[in-house]
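Protein chains: 2
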Amino acid sequence: RFIIFHSNPFLIQLFYFISISFAGFLALKILEPGNEVNRLKNLDLFFTSVSASTVSSMGTVEMEVFSDSQLWVLILLMLVGGEVFTSMLGLQFMKARFKSEGPTKKRAESLSTDLEVPICTNLDDESQLKCTILAGTLSKMHLPEGEHLKHDAIQYLGYVVLCYLIVATLSGSSFILLYLSFVSNARDVLESKGIRISTFSFFTAVSSLGNCGFTPANENMMIFKKNSILLLLIVPQVLAGNTLFPVFLRFMIWVVKKLTKREELNYMIQHPRATRYKHLLPPEHSGYLAFTVLGFILVQMVLFCSLEWNSEALQGLNSFQKLVGALFQSVNSRHAGESIIDLSKLSPAILVLYVVMMYLPPYTSFLPIKDVEWRSVDEKEGNERGKLLKSLIFSQLSYLVIFITLICITERKAMIEDPLNFNVFNIVFEVISAYGNVGFSIGYSCQRLLKPNNSCKDAWYGFVGRWSNQGKLILLFVMLFGRLKKFNMEGGKAWKLS
Amino acid sequence: RFIIFHSNPFLIQLFYFISISFAGFLALKILEPGNEVNRLKNLDLFFTSVSASTVSSMGTVEMEVFSDSQLWVLILLMLVGGEVFTSMLGLQFMKARFKSEGPTKKRAESLSTDLEVPICTNLDDESQLKCTILAGTLSKMHLPEGEHLKHDAIQYLGYVVLCYLIVATLSGSSFILLYLSFVSNARDVLESKGIRISTFSFFTAVSSLGNCGFTPANENMMIFKKNSILLLLIVPQVLAGNTLFPVFLRFMIWVVKKLTKREELNYMIQHPRATRYKHLLPPEHSGYLAFTVLGFILVQMVLFCSLEWNSEALQGLNSFQKLVGALFQSVNSRHAGESIIDLSKLSPAILVLYVVMMYLPPYTSFLPIKDVEWRSVDEKEGNERGKLLKSLIFSQLSYLVIFITLICITERKAMIEDPLNFNVFNIVFEVISAYGNVGFSIGYSCQRLLKPNNSCKDAWYGFVGRWSNQGKLILLFVMLFGRLKKFNMEGGKAWKLS
Ligand SMILES: [K+]
Ligand SMILES: [K+]
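Same order as they appear, the protein sequences are chains A and B. Each number in my numbering comes from the position in the first sequence (counting from 1) with 882 added on. Each number in my numbering comes from the position in the second sequence (counting from 1) with 882 added on.
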């Protein structure tokens, strides 16, 4: 227990994701229907398990090969792999650590080891100086008395987030269920595929809220591209589970505070950074985040509508359906990855924009104000050797380039023989999609083969499904790397570009 | 005069490059041989002029259409557009400014407006504080007495850089001339093309030293891929004119100091930052720069040799020639852009690596030590409105994505009809090549057309030569943007990625 609490949070999360992926793989394997002739390869099953637990929804197999019980395994994986759930686990750890160390020991060690001291970053020199002095004073003054309240606040925050997760999942799935029970054409599609309505509703709600992006149907949401109301029901779930989570959470705390008038809730709102919960942001930061998220959606919608309004991709839809479709795609590029259209039919300009959207981490925000960041002191400490090691860490983009280069090497044969499917951009798209845990894919089409080949059969899985085993393994690693990217955002600082 | 000295250095340089490009365009236009049936389009001539003056060597026309006198116009453009030359001009400006303000006025205003105060960046908080205090003290103590010496040092540095430029150009062209006078097969190739040996030698020397990358031959250096000695003569010129310039310059100053024992030279070496000349780096920084440059070359050579040793691209070469060819390509990706092979024949993995190499600015350096940067105070000052405006500036990568998206829109028709030539990666490659002022291009091949077209004729110019006029204009702008990128490296700081 002691060891776990004091070890590296990165290692804890890495261990967590690998274990649930393995557990998921075993469960999927055991539950596999015995009568099937062409059994799935172990690598593909493991890939699917990692893809669900890292909420990436990159696919190497069609979804309809999974039985109902296997779908529930995937639901479980998406649930425990989603950021809201893992961040709640983080709060439990923090609470446990608080308890095990105790307030007395805490007070004694407070300033030297564990208390947060505001690290004033991103400021110019003068402000930096003022900030450091001010922060030092503040931390000495406030913390001893606030200690108890803070402990309660963290405990309470855990409940609030759990509540948020339960309410959002249940209401999301009930809305979808309600929609399906009223709209017969949507229900008929699922019934013809042999997918249970209840499974679909819960699966899609969990998948949307967790920003995983799997659905039980092969075609993802393409079969529902005319069911605009259903799409509009899913959009807020996607936003609530990821890019706008801090905004929704803050709003929920504010509402509950108004209702219950508890001091802990007030403390959370007043000192969002003191809880060390990275999803609880100060008010201005939340505002800028919402502004950025909506801005990105708007930019994508404008480009999408101006280039695709009369295109093949949106054929057969009326104006309202096109608009909702554009909104749905724009919201899903960060980072759920559900899709109502064949991405390979879209203009390259939009795909380039999607690459950027997929790359940007969830809480990317235009933030001209200076946000005083709270980090623990032990994060900052480090000996000379640690500093040297740190300087060897590359930036995120460097790692991505390395992954892309490696995949260009593993797939080099196909890139020569089948250049319209296997081109560098499609590989970049797939890698960035995996890194951003999105799940978009340009896919593979037998029509794009230079020499028509009768043995080639189109399938409803992503481009990665056509890669070599080594390529798949690299992408599997990229998904894990992307899911844990928050621990590595500081890399590459030893490099000076000028 | 007063206005120019006090105006924005960015605007001065922008004005400078636009004027020499226009002058070059007019000179090329006037000198165009009258008898030619298919005259060059004005846009292509202007593009070539911008391409030479921004030392990019992106091509929309074949080089052999230019007459000898037009080649000399290009030589002049490459000479005055190269970084060594423009940085020398910068030193002249600085000197003139020093003189016009005078030492008395200087002393009075010293601390408030114009003297350098070391801005301690990239440090952690403690070091930052110490550094700021120390630097303040130092600047107060040292500068009044050092003022005179500094003025002389800047003046002297101007001479040294001019010397460097002349020596490097003359020795470079004499070596090439000497080689050509000894090796008849190389001479014969040029004579059969009607290119004068003397023009070729001087053109190639200026082009290599300035890292422009044009040569008078259509095939660039492809015709000399077996002339390894010639390639080995050009490699140090390419390095001396760009990525290793600070190292070579420092070495030259050190040698001249040993010979003449002048105090100004000693001052330059002791206080490289005080001269405000960004190409004069402190010793450790120079060391890390050299280490980084050689590291990049090594990485490229290893990947190149391991993937291409037995490939089509290097067919017909012996091992030594292959090795020299790999070295030549690796050096030229940053940022001269001369080439001995058809890049479209290379493995995609290498092309991806080239994109990174082309993107990285010349003085990219692994720099784990903390380098105290010297900037003038006025650079740092700015009112609230200025800060807001600054926060709206995007990062370099964002601009590049915008350019790429725009070109995907202007070339959207060709991207559908001719996807093997017009694909996103080839466009990205061209844009990054223009941004890095490199000049590499994957080119265009009629063989890659999906439906063979008899009216399509292969030509010896870059991919951009096949773009629409709007596309060419955007790339022209990208070359200028890339040439002036040093003024814009600080953008995007108002964005928080997390
Ligand atoms: K996803
Ligand atoms: K160049």
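Every residue, glycine too, gets a C-beta built ideally from N, C-alpha and C.
Where residue 911 (chain B) is concerned, the enclosing alpha helix (DSSP H) starts and stops at 891–912. Close to chain A, meaning a Cβ-Cβ distance shorter than 7 angstroms, are the following residues of the segment 1284–1301 of chain B: 1286, 1287, 1290, 1291, 1294, 1297, 1301. When CB distances to chain A are screened at a threshold of 9 angstroms, not a single residue of the segment 1138–1153 of chain B falls below it. Listed in chain order, the non-local C-beta contacts of residue 1275 (chain B) below 6 angstroms within the same chain comprise 1373, local neighbours out to five positions each way being set aside. In the DSSP assignment, residue 1156 (chain A) falls outside any alpha helix (DSSP H) and carries neither an H nor an E.
By the neighbour-count criterion, in which a residue is buried when 16 or more other Cβ atoms sit within 10 angstroms of its Cβ, residue 1048 (chain B) is exposed. The Cβ-Cβ distance between residue 1093 (chain A) and residue 1123 (chain A) falls below 7 angstroms.
One finds 1377, 1378, 1379, 1380 in chain A with Cβ atoms closer than 8 angstroms to the Cβ of residue 1246 (chain B), taken in chain order. Per the coordinates, the alpha-carbon of residue 1152 (chain A) lies some 58 angstroms from the alpha-carbon of residue 1295 (chain A). Beta-bridge partners of residue 1247 (chain B) (DSSP): A:1378. When DSSP states are grouped into helix, strand and coil, residue 1352 (chain B) belongs to the helix group. Membership of residue 1290 (chain B) in the alpha helix (DSSP H) is indicated by the continuous run 1278–1292.
Between residue 1250 (chain A) and chain B, the shortest Cβ-Cβ separation is below 7 angstroms. Of all residues in the segment 1167–1188 of chain A, none has a C-beta nearer than 7 angstroms to a C-beta of chain B. Annotation for residue 1110 (chain A): 1202, 1203, 1206 place their beta carbon closer than 7 angstroms to its own, counting only its chain and skipping 5 residues before and after.
Judged by DSSP secondary structure, residue 1174 (chain A) falls within the alpha helix (DSSP H) whose first and last residues are 1165–1190.
Judged by DSSP in its simplified three-state form, residue 948 (chain A) adopts coil rather than helix or strand. The segment 1199–1243 of chain A contains no complete beta strand (DSSP E) run of 3 or more residues. Contact between residue 1348 (chain A) and residue 1319 (chain A) does not hold, since the beta-carbon distance rounds to 21 angstroms and is not under 8 angstroms. In the three-state reduction of the DSSP assignment, residue 1096 (chain B) falls in the coil class. Contact between residue 1031 (chain B) and residue 1145 (chain B) holds, since their C-beta atoms are separated by about 7 angstroms, short of 8 angstroms. Contact annotation for residue 1238 (chain B) against chain A: 1283 [CB-CB distance below 7 angstroms, chain order]. Within the segment 1202–1231 of chain B, the residues whose Cβ lies closer than 7 angstroms to any Cβ of chain A are, in chain order, 1229, 1230, 1231. Here residue 921 (chain B) carries a coil assignment [DSSP, helix/strand/coil]. Proximity of residue 1363 (chain A) to chain B, defined by a Cβ-Cβ separation below 7 angstroms, is not satisfied.
In this structure, DSSP gives residue 979 (chain A) a helical state, which the three-state scheme calls helix.
By the neighbour-count criterion, in which 16 or more other beta carbons inside 10 Å mark a residue as buried, residue 1086 (chain A) falls on the buried side. Between the alpha carbons of residue 1170 (chain B) and residue 1210 (chain B) lies a distance of about 22 angstroms. Considering only beta carbons, the part of the segment 1301–1327 of chain B lying closer than 7 angstroms to chain A consists of 1301, 1302, 1305, 1306, 1307, in chain order. Chain order is used for the residues whose beta-carbon lies nearer than 7 angstroms to a heavy atom of ligand 2, namely B:937, B:938, B:939, B:1093, B:1094, B:1095, B:1217, B:1218, B:1219, B:1319, B:1320, B:1321. Closest option to residue 1149 (chain B), judged by alpha-carbon separation, among B:1039, B:1289, B:897: B:1039. Contact check for residue 1141 (chain B) and residue 1154 (chain B): beta-carbon distance about 20 angstroms, past the 8 angstroms limit, so the pair fails to qualify. With respect to the C-alpha of residue 1354 (chain A), the residue from A:903, A:940, A:913 having the closest C-alpha is A:940. The beta carbon of residue 977 (chain A) is closer than 6 angstroms to those of 1036, 1037 in its chain, skipping five residues each way along the sequence. Around the Cβ of residue 959 (chain A), a 10 Å sphere holds 16 or more other Cβ atoms; the residue is buried. Annotation: the continuous alpha helix (DSSP H) that includes residue 1317 (chain B) extends over 1306–1317.
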